Amino acid sequence: MFIADFHIHSKYSRATSKDCVPEALELWARRKGLDLIGTGDFTHPAWRAELQEKLVLQGDGLYELRDEYRREDSLAGPDSKPRFIVTGEISSIYKKNGRVRKIHSLILLPGISEAEALSHKLEAIGNLHSDGRPILGLDARDLLEITLDVCPDAIFIPAHIWTPHFSLFGAYSGFDTIEECFEDLMGYIHALETGLSSDPPMNWRLSALDAFTLVSNSDAHSPSKLAREANIFDTALSYPQIARALQNRDTQEFYGTIEFFPEEGKYHCDGHRNCKVCLLPSETEAAGGLCPVCGGRITVGVLHRVTALSDRDEGFVPPAAKHFESLVPLPEVIAASTGLTAASVKVQERYIDLLHNLGPELFILREAALCDIERKAGPLVAEGIRRLRRGKVEILPGYDGEYGKIKILDRNEIGSFSGQLCFFSGEEKDVPPAPKKVRNKKVAVPAPDAEDSQTKSGAEDGLRAALEAPPYGLNPEQWEAVSASEPAVTVIAGPGTGKTKTLVSRVIHLIEKCGVPPSEITAVTFTNKAAREMRERLTAHFGDSRTVQAMRIGTFHAISLKLLSERNGGETVTVIDEMNALSIVEDILKRLGVKSSPREVLRGISLIKNGASAAGKAPDIPQEVYDLYCAQLERYGVLDYDDILLRALGLSEADDSGGEPLLSAFSHLFVDEFQDLNDIQYRIIREWSKGCKSIFIIGDPDQSIYGFRGSAPRYFEQFKKDFSNIRHVSLTRNYRSTPEILHCAKSVISKERTTGEYVRLLNANRDSGARARLLNAADEFSEALFVAKEINRLVGGIDMLDAHVSPAAGKKRAAAKHPRGFSDIAVLYRVNRQAEILEQCLLKEGIPYTVAGQNELLADAQVQKATAFFRFLLSPGDLMSLGTCLKTLASCRTDDVQKLLGSFAEAEKSLPSLLDILKASCPSPAPEGLQRFTELLQKYGPVVRKGKPYQLIEAFIGDNALSEFKSMELLLNTAVLHDDMPAFLQNLVLGREADLVRSGGRVYSPDAVSLMTLHGAKGLEFPVVFLCGLNEGLIPFKRHGGDSDPSEERRLFYVGMTRAQDELILLTSPSPSPFLSDISRQFLEDEGTFAHRPAPEAQQLNLFDGV
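UniProt numbering puts the first residue of the sequence shown at 1, with every later residue one more than the last.
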C-alpha cells in the first residue's frame, strides 16, 4: 500500500508559504509518511522550470527529487524517497444557464512534457504567469475537453466539491448535478475530491456519487499542512496504476481515504464569522437565512448543502463504501491533549522529537504502539491519540472560513493524567468562546442566489390585465408607436425605454397584422452589433431565419455596399481601411509640400464627403489635395469608407437601372439611432423613402454624440419639415436603471437645453437600489487597480481568500449580495489610450476581458501587411492591397511594384493571372522575397475562404516570423471572435465602435468584462458600470488647441451613466470633471480617496498558514 496527497500548491500560488519548493515539500512528505505527493501548479512556467531542474523521472509517470536537493532529517524508521506526480489546480469562472459558476478542478498528468503542452494551450485563454492556480474564463466542461485533447491519459478531478464559493456543488456558484456541469463529457469524470469540510458518510447520502471514487487531499498552502487528508492505494506505485485504481472503483486498488473530521473544516456549518455566529442547517432556516446579530447574509456551509441535495438518510452506508479513517494533525493532538497552542514552541519541539524517535506522523497517529508513544511523549499525548483512534474527540465546528476547534482532554483530565499542572506554567491555550447559536421557529429560507420574491396578483386581476394589455409585452406608449397607421412615425426613446423592442415589434406587427412581405422591409442600424441583435430577436420570434433573411437589416454602409455589389453584377466592391487612406493622404501632402497633419486632412475630406461643407463645418482642405485623393482612389479601383454612401446616394438619385426600381426594397423603412445621422445619411434616407409606404424613425436627441462626424440631432426637426402626416410618440418609462442612477444622469443632462418641441421626460420603472458611488484615485494606476479589485469583489472573489476579504476603498464594503458574472460588468472611458493600464491590472488579477472600439492596431505595419495579403486573396481586383504585398512581403522596389501593378491591371484579376505575371516578369531564379511571396499565395489562396481567421493568421505569423510583434498578438485576439475571413476583414473596415472587439486572450470567453469607450458603449447596457477618468481635460475632452464641444461631451457623459442597470461607479482624480458637480448628492455616495496600500508579505503568509 502507499499513501498519496495529490492536491498541494507551490510558492507561486497566491498566499502560500515561500517554503513551498520541491526540497521542502519532499522533506515534509517524509515527515508526514507520504509515499506520493502532487507537484501542484504545473501551469506556472517558473514552477515547471524548477520542477525540471530538481526532479528526475523514475518511469511510469512519477518523479523523485534529485539527491543534491534532498534535505537531511533524522527521522525514525526506514528511509523513504517520496515520489512526485504532476498536478495542478485551475479555477474556472464563467456564466452558465443564467448563473455565475466558479469551479475548481484538479488535474493529474503523466509527465512535465504533457504539462508543458496543456499549459501552452491554456495560455491562449488566460494569464498563467501571475498565479500558480490560474483563473480562466472557461467552462469547466470545456476545460475538461481541452485537457483530454492534449493528454487523453489525464486524470480530471473536480476539487473540494462542497466548498460554498468555488466548487462543483458549491452553494453560491456551483451546480445541483454533475451532468449540468460536464454535460456530454461526464463519463470522463471518475473521481471527486470531497474537501476538508465533508467526509465519506456525508457524501454517501447522495446516490449520484456512488459512481465515483471519492478522494481526499490536503490542498496544502505550506509544507507542514501536507497529509491533512490523503488517499490510500493498494496497487503499484505508478501513474497508469493510479489512473486505473481511480477509474475502477469496484476494486480494492483504491483502498480508502484519510480524513479530517469534517466539523474541523472551515466551511462545515452555516454561519457569519464577523459576528461569531455558527448555525446548523435547521437553525439557518429558522433565522430566515440571515445573521441574527447583524441581519447580514449567512454563509451556507457544506452540511447544509449536502442535506439539501441528499436523497438518503443520515447513516446510510453503500455496499461498495470505501475504508476511511478520521484523524487530526499530530501538532493539534499534542496541543489539545496538553492545553497548549498548536503553534507554540513547546508543541513544535515535542512534535519533531516524536518524529525523530517514533517515525512519520501518519505512522504515529495510525499504527504506533501507545506504550511507545507514552514513553516518548508522556501519558497525555498517548491518551489523546488513543481517544483520536476511537473517534472520541469534541469539535467546535468550523463555519464561514473559520476552522473548527478540537477538544480532546479538558483541564481536569489533563491534571488527572499528568498528576500535575506543570503544563499550564507556560503558555495556556486560549480557548475562544463558543460561537453563538440561535433557535427559532422554522421559516422558509431563500436559496443563496434567489431573487427577492415578488407579490403576485390575484387570478382575476391577472386575467383582466392580460386581456387589456397591449400585445408583444409592450407598454401603451410603445404600442402606440408600433400600431401607428400614419405613413411617418417619429419616436423619441430615452435610454432604457425599450427602443429595440419597439422597433422589432413594429416589424413583427407589419408582417403579422398588416400582411407586409418581409422583402419590403429595410431596417437601418447604427452598428453591426445592433443589426445582429435585431436579426436574432426577429428569428427567435418567427422561429426561422428565412423570414429574416428576406429583409434588409444592417448599417448604412453595409446596406449600401450590398446595393453597390448588386448593381455591379455581384462583383465585390473593394473598400480600403482608414490606414490605407491615410497613407494615400501622406503621399499627396509630401508630393505637394503641404505641411498639415495627414489625419486632420483625412478627417476634413471625410467631413466634405459627408456634407459638412454645406453646413459650414468642414475644415479648410486645399481643393487640389481633395481632387488628388479622389483620383488616386479611382486609379486603384477602390472606395474609402465615405465613398460607399456617396455611391449609394448616386444610385438612388439616378435610378437608371433596367428592370425593378431600386426603391422597391424600401417600401417600409426603419431608421434606428436617428439622432446620429449626418447630412449624407439624411439625404440617403430621403431618397430611400421616396414612394415608400411607411417610414419609422427612432432615437434620442440627448444621445447625439457624433458631431465630429457631422452628425446632429437637428435632423429630427428637419424630418418634421420634409414629411407630412407624422405620428409623434415619446417613450418615457425607463426599465433599465435604478431610480438612483437615473436621477444622477438626469441631473447632468438637465443642464443641456432642449431644441424645438422636444420635451425631456424620463421616469424610472424599477425599484430603488444602491446610490451611485464616487471615488477619487490618486492616479491612473490607482484607479485601474481599484477597478480590478472591485470587480473581484463583485464576482464574489476569484479565489477563496477574496470570498472573505474586500478591497479597501475609503471604507470596507461587504461581499456582493448576488455575485456578478464578468459579462455583467463594463468599464468605460473617454479615449482608447485609457485602456492600457486597465488591461494590465485585469491581466494581473486573472480577470477575462474584451476591448471594444477603434485603436491604432490597424496602423501597425505588420498588421497592414497581413490584412493586405488576405484582402487581396479575397478580392484580386484590390490593386492597393496587392501593392502593399509587393512592397512588404515580396520586398520589391517601388519601380518594380508599379510595373507589376500596371501589368496586372491590364490582365484578368485572378490569382493564377498574378502568378503567371510574377513568373514571366522575374529572372530565374526569382529573388528570395518574390519566391516567398509566390509560395504564400499558393499556400493560402485555396483556403482563405475556408479556414478560420484565427487559424489563418496564426499560420501566417509563423510563416513570416512575426510572433514577437505585440500587434500581431492583438490581431489574433481580434480574429478569435470571427468565423470567416471575409466577415472579419469587412468588420475591420466597416465596423464602428462596439463592432470592433478584441479578446483579452487568444481564446474568446463570452463571460468577460467589457472595456470600451463611451462612444462604443452606445446602445448597450450592463448591471455594473465603471466610468473611469472623469477628469478635467478628458470629459469634456479637449483636443489639441483646446477645442471642445461641451454640449456633446455632456451628452456623452449622460450616455455613459445610463448604460448602468444596478450599480454605477464614478472614478475621478484631484482634478475632477466639471460635470460631476452637476450630480445631485442625494443620490451619490462620495467614498473619498482610494489609494493602493500593499499588504506586508509576512502578514499575508501568516493569514494563509492554515489554509
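For every residue, glycine included, the Cβ atom is placed at its ideal position computed from N, Cα and C.
Fair warning: this is a prediction, and the values are worked out from it, not measured in the lab.
Review point. In the DSSP assignment, what are the bridge partners of Ser730?
Key: Taking the first residue of the sequence shown as 1, we reach residue 730 at position 730. Note: Ser730 sits in a beta bridge opposite Ile492.
Review point. Would you call Met1057 buried or exposed, if buried means 16 or more other Cβ atoms sit within 10 Å of its Cβ?
Key: Stepping through the sequence shown from its first residue, residue 1057 is reached at position 1057. Counting of Cβ neighbours within 10 angstroms places Met1057 among the buried residues, the total reaching 16 or more.
Review point. When the Cα of His272 is compared with those of Leu108, Ser913, Pro701 and Thr299, which residue comes out closest?
Key: Residue mapping note: residue 272 aligns to position 272 of the sequence shown, counting from 1. Looking at the Cα atoms, Thr299 is the closest of the given residues.
Practice item. Go ahead and pull the three-state DSSP assignment for Met551. Key: Position 551 of the sequence shown, counting from 1, holds the residue named residue 551. Three-state DSSP puts Met551 in coil, outside helix and strand.
Check your understanding: Would you say the segment 146-160 touches the segment 93-108, given that touching needs at least three Cβ pairs under 8 Å?
Key -> When Cβ pairs closer than 8 Å are counted between the two stretches, the segment 146-160 is seen to touch the segment 93-108, the count reaching three or more.
Check your understanding: Looking at the structure shown, is Ser737 part of a helix, part of a strand, or coil, going by DSSP?
Key -> One-based indexing of the sequence shown puts residue 737 at position 737. Collapsing the DSSP output to three states places Ser737 in coil.
Practice item. Alpha carbon to alpha carbon, how far is His7 from Val805? Give it in angstroms, no decimals. Key: Counting from one through the sequence shown, the residue named residue 805 turns up at place 805. Counting from one through the sequence shown, the residue named residue 7 turns up at place 7. For Val805, the predicted structure reports a pLDDT of 44, less than 50, and the residue's modelled location is therefore unreliable. A value from the coordinates is still provided. Note on geometry: alpha-carbon atoms of Val805 and His7 lie some 24 Å from one another.
Exercise for review: Count the CB pairs spanning the segment 841-854 and the segment 1003-1011 that are closer than 8 Å, and state whether there are at least three.
Suggested key: Contact between the segment 841-854 and the segment 1003-1011 is present, with at least three C-beta pairs closer than 8 Å.
Practice item. Pull up the DSSP beta-bridge partners for Ile90, would you. Key: Residue 90 sits at position 90 when you count from the first residue of the sequence shown. Looking at the DSSP output, Ile90 bridges to Ser105.
Check your understanding: Relative to the C-alpha of Ser130, which residue among Asn97, Ala46 and Tyr69 is closest?
Key -> As a first step, residue 130 must be located in the sequence shown, where it is residue number 130. Of Asn97, Ala46 and Tyr69, the residue nearest in Cα terms is Ala46.
Review point. Cα separation between Arg932 and Glu578?
Key: Counted from its first residue, the sequence shown places residue 932 at position 932. Counted from its first residue, the sequence shown places residue 578 at position 578. Between Arg932 and Glu578, the C-alpha separation is close to 28 Å.
Practice item. Check whether the Cβ atoms of Met551 and Thr500 sit closer than 8 Å, and answer yes or no. Key: Stepping through the sequence shown from its first residue, residue 551 is reached at position 551. Stepping through the sequence shown from its first residue, residue 500 is reached at position 500. Against a cut-off of 8 Å, the Cβ pair of Thr500 and Met551 comes out as no contact.
Check your understanding: Which of the three DSSP states, helix, strand or coil, is assigned to Ser1069?
Key -> Here residue 1069 refers to the residue found at position 1069 of the sequence shown. Three-state result, Ser1069: coil.
**Study point:** Which residues DSSP lists as bridging Leu794, in chain order
**Key:** Taking the first residue of the sequence shown as position 1, residue 794 is located at position 794. DSSP, once it has assigned bridges, lists no residue as partnering Leu794.
Review point. Cα-Cα, which of Lys407, Asp210 and Thr732 is closest to Asp311?
Key: Working through the sequence shown from its first residue, we reach residue 311 at position 311. From the listed residues Lys407, Asp210 and Thr732, the smallest Cα separation to Asp311 is found for Asp210.
Practice item. Tell me where the alpha helix (DSSP H) around Leu380 begins and ends. Key: Here the question's residue 380 lines up with position 380 in the sequence shown. Counting along the chain, the alpha helix (DSSP H) containing Leu380 begins and ends at Pro379 to Arg389.
Review point. Roughly how far, in whole angstroms, is the beta-carbon of Glu263 from the beta-carbon of Gly415, given that I think they are within contact range, below 8 Å?
Key: As a first step, residue 263 is located in the sequence shown; it is residue number 263 there, counting from the start. As a first step, residue 415 is located in the sequence shown; it is residue number 415 there, counting from the start. At roughly 26 Å, the Cβ-Cβ gap does not stay under 8 Å, so Glu263 and Gly415 are not in contact.
Review point. Can you tell me the Cα-Cα spacing of His9 and Thr163, whole angstroms?
Key: Counting from one through the sequence shown, the residue named residue 9 turns up at place 9. Counting from one through the sequence shown, the residue named residue 163 turns up at place 163. Within the model, the alpha-carbon separation for His9 versus Thr163 is close to 18 Å.
Exercise for review: Output yes or no for whether 8 Å exceeds the beta carbon distance between Phe1053 and Phe786.
Suggested key: Here residue 1053 is taken as the residue at index 1053 of the sequence shown, counted from 1. Here residue 786 is taken as the residue at index 786 of the sequence shown, counted from 1. In this structure, Phe1053 lies away from Phe786, with their beta-carbon atoms at least 8 Å apart.
Check your understanding: DSSP three-state call for Glu283: helix, strand or coil?
Key -> Mapped onto the sequence shown, residue 283 falls at position 283. The three-state reading of DSSP puts Glu283 in helix, counting H, G and I together.
Point to revise | Identified DSSP bridge partners for Arg998 | key: Numbered from 1 along the sequence shown, position 998 holds the residue referred to as residue 998. Arg998 pairs with Val851.
Check your understanding: If you count every other CB in all the chains shown that lies within 10 Å of the CB of Asn725, and 16 or more means buried, which is it?
Key -> Looking up residue 725 in the sequence shown gives position 725. Exposed.
Check your understanding: If you compare alpha carbons, which of Glu908, Leu901, Phe965 and Thr213 is closest to His323?
Key -> Walking along the sequence shown from the start, residue 323 turns up at place 323. Per the Cα distances, Thr213.
Exercise for review: Compute the beta-carbon to beta-carbon distance between Gly326 and Gly384, rounded to the nearest angstrom, for a pair I have assumed lies under 8 Å.
Suggested key: One-based indexing of the sequence shown puts residue 326 at position 326. One-based indexing of the sequence shown puts residue 384 at position 384. Sequence inspection shows Ser at residue 326; the Gly mentioned does not correspond to that position. Going by Cβ atoms, the distance from Ser326 to Gly384 rounds to 14 Å, so no, they are not a contact pair.
Review point. Tell me, which residues are paired with Met1012 by DSSP?
Key: Position 1012 of the sequence shown holds residue 1012. As DSSP reads the structure, Met1012 sits in a beta bridge with Leu828 and Ala852.
Review point. CB-CB under 7 Å to Leu886, same chain, minus the five flanking residues each way: which ones, in chain order?
Key: Position 886 of the sequence shown, counted from the start, is the residue given in the question as residue 886. Contacts found: Cys892, Val897 and Leu900.
Point to revise | Segment limits, alpha helix (DSSP H) that includes Thr888 | key: Walking along the sequence shown from the start, residue 888 turns up at place 888. For Thr888, the enclosing alpha helix (DSSP H) covers residues Leu879 to Thr888.
Review point. Which residues share a DSSP beta bridge with Asp219?
Key: As a working note, residue 219 is residue 219 in the sequence shown. Answer is none; Asp219 lacks a bridge partner.
**Study point:** Per-residue DSSP class, three states only, for Ser326
**Key:** The count along the sequence shown starts at 1 and reaches residue 326 at position 326. Note: Ser326 maps to strand in three-state DSSP.
Check your understanding: Would a C-beta distance cut-off of 8 Å place Leu1030 and Thr867 closer than the cut-off?
Key -> As a first step, residue 1030 is located in the sequence shown; it is residue number 1030 there, counting from the start. As a first step, residue 867 is located in the sequence shown; it is residue number 867 there, counting from the start. With a cutoff of 8 Å on beta-carbon distance, Leu1030 and Thr867 are scored as not near each other.
Review point. If you draw a straight line from the alpha carbon of Arg998 to that of Pro949, how long is it in whole angstroms?
Key: Stepping through the sequence shown from its first residue, residue 998 is reached at position 998. Stepping through the sequence shown from its first residue, residue 949 is reached at position 949. Between Arg998 and Pro949, the C-alpha separation is close to 13 Å.
Point to revise | Per-residue DSSP class, three states only, for Arg635 | key: Here residue 635 refers to the residue found at position 635 when the sequence shown is read from its first residue. Helix.
Check your understanding: Near Leu503, which residues of its chain fall below 8 Å by C-beta distance, leaving aside the five closest residues on each side in sequence?
Key -> Translated into positions along the sequence shown, residue 503 becomes position 503. Same-chain partners within the cutoff: Ala523, Met534, Phe670, Asp672, Phe696 and Ile698.
Check your understanding: Who are the Cβ neighbours of Ser1005 in its own chain at under 6 Å, not counting the five residues just before and after it?
Key -> For this step, residue 1005 is matched to residue 1005 along the sequence shown. Closer than 6 Å at Cβ, skipping near neighbours: Gly137 and Pro848.
Check your understanding: Using DSSP with H/G/I as helix, E/B as strand and the rest coil, what is Lys946?
Key -> As a working mapping, residue 946 is identified with position 946 in the sequence shown. Coil, per DSSP.
Exercise for review: Measure the alpha-carbon distance for Asp980 versus Arg945 and round it to whole angstroms.
Suggested key: Taking the sequence shown and counting its residues from 1, the one referred to as residue 980 is at position 980. Taking the sequence shown and counting its residues from 1, the one referred to as residue 945 is at position 945. Going by the C-alpha atoms only, they are around 7 Å apart.
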